[in-house]
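Heads up: the sequence shown begins at 182 in the working numbering, then just goes up one per residue.
For reference, the structure discussed in these notes is given below.
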Amino acid sequence: MCAFNPPDWSAARAELRDALAAASWPDDLIQDAELALCELYVNAWRHGGSPAPLVVVLLLNRTLRVSVADDSPTLPEPVQSADPYELSGRGLHLVRSLTHRFGTDPRKHGGKAVWFELEAAA
182 MCAFNPPDWS AARAELRDAL AAASWPDDLI QDAELALCEL YVNAWRHGGS
232 PAPLVVVLLL NRTLRVSVAD DSPTLPEPVQ SADPYELSGR GLHLVRSLTH
282 RFGTDPRKHG GKAVWFELEA AA
């Protein structure tokens, strides 16, 4: 694997898709969840220095919570760039626009977990 390519996240994506499809979530919300997961996963690899970020997918009633953990204690901050042609820096803005809530929690033994929540219509 090239050092510039993130680790394979297909297992996490498949788990997420399968859980939401089994719970009869609409395709547009499944796609939003997949894109938000991808952003957090790549950020954990690129900025958190984790060769294989830890992903936890929880589905409770009609609320999905996805958490991606890395080893860096540095909290993510949305980039406030005015240049629309920047190649990076909009991932957290994207996660914010696709999900109902997102945030960061410190981990007990170091590092952090960045998470988002999505709710399906009742």
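We put the CB at the ideal spot given by N, CA and C, even for glycine.
- In this structure, the beta-carbon distance from A217 to T280 falls below 8 angstroms.
- Taking the Cα positions, T255 is about 9 angstroms away from H228.
- Within the same chain, and ignoring the five residues on either side of A192 in sequence, no residue has its Cβ closer than 7 angstroms to its Cβ.
- From the listed residues H274, F297, E258 and R243, the smallest Cα separation to W206 is found for R243.
- Under the rule that a run must span 4 or more residues, no alpha helix (DSSP H) segment is found entirely inside the stretch 223-255.
- By the CB criterion at 8 angstroms, L235 and A214 fall outside the cutoff.
- A294: not part of any alpha helix (DSSP H); member of the beta strand (DSSP E) spanning K293 to E300, first to last residue.
- Closest by C-alpha distance to A225, out of A302, D189 and E298, is D189.
- For the 8 angstroms CB-CB criterion, A200 and V249 do not form a contact.
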